[in-house]
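Peer 1:
2 protein chains.
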Amino acid sequence: MLDAPNVDRQSRRREQTRREILDAAWDVARSAGLTGLTLRDVASRVGMRAPSLYSHFDSKHAIYDAMFGEAWTAYEEIKLAEESRLTDDLRECAHLIARTFFDFAVADPPRYQLMNQRVIPGFEPSPENYAPAVRVLAAAQVIAAERGLRDPDDLVLLLAVIGGLIDQQIANDPGGDRFARMLPRAVDMWADGVGLPRTTTTEKDTR
Amino acid sequence: MLDAPNVDRQSRRREQTRREILDAAWDVARSAGLTGLTLRDVASRVGMRAPSLYSHFDSKHAIYDAMFGEAWTAYEEIKLAEESRLTDDLRECAHLIARTFFDFAVADPPRYQLMNQRVIPGFEPSPENYAPAVRVLAAAQVIAAERGLRDPDDLVLLLAVIGGLIDQQIANDPGGDRFARMLPRAVDMWADGVGLPRTTTTEKDTR
DNA sequence: GTCTATACACCGATAGAC
DNA sequence: GTCTATCGGTGTATAGAC
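Respectively, the protein sequence lines represent chains V and G. Numbers given in the working numbering equal positions in the first sequence, counted from 1, plus 25. Numbers given in the working numbering equal positions in the second sequence, counted from 1, plus 25.
1. Taking only three categories from DSSP, how would you classify H81(V)?
2. Between which two residues does the alpha helix (DSSP H) harbouring I168(G) extend?
3. Is any beta-carbon of chain V found at less than 8 Å from that of I195(G)?
4. Chain V partners of W215(G), CB-CB under 7 Å?
5. Count Cβ pairs between the segment 71 to 80 of chain V and the segment 119 to 139 of chain V that sit closer than 8 Å; are there 3 or more?
6. Can the beta-carbon of I88(G) be found closer than 8 Å to that of A123(G)?
7. Verify the CB distance criterion: does R210(V) have a CB-CB separation below 8 Å to chain G?
8. Closer than 8 Å, CB to CB, is Q41(G) near chain V or not?
9. Please name the residue in M214(G), P177(G), R38(G) whose C-alpha comes closest to that of H8(G).
10. Under 8 Å Cβ-Cβ, which residues of chain V neighbour T60(G)?
11. How far does the alpha helix (DSSP H) with Q194(G) in it reach, from first residue to last?
12. Residue range of the alpha helix (DSSP H) that F127(G) falls in?
13. Could you give the C-beta distance for N141(G) and D192(V), rounded to a whole number, given that I count them as a contact under 8 Å?
14. For a test of the three-state rule: what should DSSP assign to E149(V), helix, strand or coil?
15. In the DSSP assignment, the alpha helix (DSSP H) including A205(V) goes from what residue to what residue?
16. Between which two residues does the alpha helix (DSSP H) containing P144(V) stretch?
17. Skipping 5 residues on each side, what residues in its chain have a beta carbon closer than 7 Å to that of R55(G)?
18. Does DSSP put G218(V) in a helix, a strand or coil?
19. Tell me which residue opens and which closes the alpha helix (DSSP H) that L111(V) is part of.
20. Pick out whichever of M214(V), F148(V), L78(V) has its Cα sitting closest to the Cα of G58(G).
21. Write down the C-beta distance between C118(V) and T125(V) rounded to the nearest angstrom, noting that I regard them as a contact closer than 8 Å.
22. Alpha carbon to alpha carbon, how far is S36(V) from R70(V)?
23. Less than 7 Å between C-beta atoms, sequence neighbours within five positions excluded: which residues of the same chain meet that for Y233(V)?
24. Between which two residues does the alpha helix (DSSP H) carrying L174(G) extend?
25. Determine the closest residue to L184(V) out of Y137(G), G200(G), F204(G), with distance taken between C-alpha atoms.
26. For I145(V), verify whether its CB is less than 7 Å away from any heavy atom of the ligand GDP.
27. In its own chain, which residues sit with a C-beta less than 6 Å from the C-beta of V219(G), not counting the 5 before and 5 after it?
28. Could you please tell me which residues of the segment 147 to 169 of chain V, in chain order, have their CB closer than 7 Å to any CB of chain G?
29. Would you say M207(G) reaches chain V, if we count a Cβ-Cβ gap shorter than 8 Å as a contact?
30. Go through its chain and collect everything with a Cβ distance to Q41(G)'s Cβ below 7 Å, but skip five positions before and after it.
31. Do you know offhand how far T60(G)'s Cα is from L174(V)'s?
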């Protein structure tokens, strides 16, 4: 039997090193692009040589995989924190969720690329790290269904609309807000299209 | 002075070699992914060594650049051929244009990635090869305006909706039609949202 | 277990012979 | 115009120091 505190300390240390590596990987991705990430860059940022990373990750794809899981987990946490602010009105909820997701995506384009586009040749997320993505979508489906949305495809459509605007914003107006400004209209169009009643309050987000 | 026919023959030969290289590049991109393209792969497909490509293109990015222009030009030609089938009804036109663009995109995901997403670190299309993309959008704006669409942003919104569905289709159901089937509903939602009259004919595309 | 050193095959790009 | 040779870079595997 191993000494429990020792095991704990070691595995905690290990976990911490993984954290540092992943943080460095995010840094590199943000400055060199997602596919511009290199192991040597990542390693040098944590004071290692590239091969040393293999003590903590099986391959470069394994790093991408962990990043994929982290990205969706980060968004999941934001969404959970946001749930307390959700009302019974689905249209309002859609506005809130759309804005949150849009801002989350645009704040870190490489992260969005990793989450929602197939950019890295040969990379597919492992089931383990794909799980948070599935959970987020399932939770959104529940929220929508509880508020009267019948067809699950309707939610998919909303996500497609938001995703389309995110794409345009990142590709054609990075750093700007040309497409961000169109988000409320897009959400209202969707809400009208799926038959949600018009909200009467003037609180609607039109920034 | 150079012999004119000779110049012609030489420059035609040169142009043909460029064509072969670009065709090979498309082949490689389709089989290895857009960012998985390598000069050695391209060269071997045209019976050359990699450095020889530099006699025809300044860099790998220059090849991407030419491909970018080709992709938008190809779509521009499809759109021009399609114009004869356009009616006066903007909703109908939107359905047709959406379907055409969706099919065009899904038929060749790396091409779509190159056209509409910023996937290659450091690559930005040259003004020359960006031009067809601008022309296509401008032509679409004219078509929409002629049929009564007032706000140019409304067309951008339609393109975002279509793009969002394309993303989902490519990333989450490649080869399938889960999101393709949602396209007509999405277009109708948009048409309703911008105040277009409902088409009364039963000819509507619901496949 | 953790890391380094070394090595390999591959990459984009350049120089220079032919 | 195309080749060979080569450069500095990449991901990755492995042997071995600690």
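All C-beta atoms, glycine included, are put in the ideal place defined by N, C-alpha and C. If you're wondering where the values come from, they're calculated on a predicted model, not measured in any experiment.
Peer 2: Once the coordinates are examined:
1. For this step, residue 81(V) is matched to residue 56 along the first sequence. Coil, per DSSP.
2. As a position in the second sequence, residue 168(G) is number 143, starting the count at 1. Here the alpha helix (DSSP H) through I168(G) covers 152 to 171.
3. As a working mapping, residue 195(G) is identified with position 170 in the second sequence. So, interface residue.
4. Your numbering for residue 215(G) matches position 190 in the second sequence. Neighbours of W215(G) on chain V, chain order: M214.
5. no
6. Position 63 of the second sequence holds residue 88(G). Position 98 of the second sequence holds residue 123(G). It is not a contact, given that the beta carbons lie outside the stated cut-off.
7. In the first sequence, counting from the first residue as 1, residue 210(V) sits at position 185. Cβ-Cβ to chain G under 8 Å: yes for R210(V).
8. For the purposes of this step, residue 41(G) is taken as the residue at position 16 of the second sequence. No, because no Cβ of chain V sits closer than 8 Å to the Cβ of Q41(G).
9. As displayed, chain G neither begins before 26 nor continues past 232, which places residue 8(G) out of reach and without an answer.
10. Translated into the one-based positions of the second sequence, residue 60(G) becomes position 35. The answer, in chain order, is T60, V144, I145, P146.
11. The residue labelled residue 194(G) in the question sits at position 169 within the second sequence. Unbroken alpha helix (DSSP H) run through Q194(G): 177 to 197.
12. Walking along the second sequence from the start, residue 127(G) turns up at place 102. Looking at the DSSP string, the run of the alpha helix (DSSP H) that includes F127(G) is 115 to 131.
13. Within the second sequence, residue 141(G) is the residue found at index 116, counting from 1. Within the first sequence, residue 192(V) is the residue found at index 167, counting from 1. Yes, N141(G) and D192(V) are in contact; Cβ-Cβ is about 7 Å, under 8 Å.
14. Here residue 149(V) refers to the residue found at position 124 when the first sequence is read from its first residue. Coil.
15. Counted from its first residue, the first sequence places residue 205(V) at position 180. From DSSP, A205(V) is part of no alpha helix (DSSP H); its letter is neither H nor E.
16. As a first step, residue 144(V) is located in the first sequence; it is residue number 119 there, counting from the start. The question names Pro, but residue 144(V) in the sequence shown is Val. Careful: V144(V) lies outside any alpha helix (DSSP H) and carries neither H nor E.
17. In the second sequence, residue 55(G) corresponds to position 30, counting from 1. Here the set comprises D133, P135.
18. Mapped onto the first sequence, residue 218(V) falls at position 193. It is helical.
19. Numbered from its first residue, the first sequence carries residue 111(V) at position 86. Counting along the chain, L111(V) falls outside any alpha helix (DSSP H), and DSSP gives it neither H nor E.
20. As a position in the second sequence, residue 58(G) is number 33, starting the count at 1. That would be F148(V), whose Cα lies nearest to the Cα of G58(G).
21. On the first sequence, residue 118(V) is found 93 positions in, with the first residue counted as 1. On the first sequence, residue 125(V) is found 100 positions in, with the first residue counted as 1. About 11 Å separates the two Cβ atoms, so there is no contact after all.
22. Taking the first residue of the first sequence as position 1, residue 36(V) is located at position 11. Taking the first residue of the first sequence as position 1, residue 70(V) is located at position 45. Near 22 Å, if we compare the C-alpha coordinates of R70(V) and S36(V).
23. For chain V, the structure presents residues 26 to 232; residue 233(V) sits outside this window and is missing.
24. The residue you call residue 174(G) lines up with position 149 of the second sequence. Segment: none, L174(G) is in no alpha helix (DSSP H) and carries neither H nor E.
25. Indexing the first sequence from 1 puts residue 184(V) at position 159. For the residues Y137(G), G200(G), F204(G), the minimum Cα distance to L184(V) belongs to F204(G).
26. Looking at this structure, you won't find the ligand GDP or any other ligand, since it has none at all.
27. In the second sequence, residue 219(G) corresponds to position 194, counting from 1. The residues are D179.
28. none
29. Working through the second sequence from its first residue, we reach residue 207(G) at position 182. True, the Cβ-Cβ gap to chain V drops below 8 Å.
30. As a first step, residue 41(G) is located in the second sequence; it is residue number 16 there, counting from the start. Within the same chain, Q41(G) has no close Cβ partners at all.
31. As a first step, residue 60(G) is located in the second sequence; it is residue number 35 there, counting from the start. As a first step, residue 174(V) is located in the first sequence; it is residue number 149 there, counting from the start. Roughly 40 Å separates the two Cα atoms.
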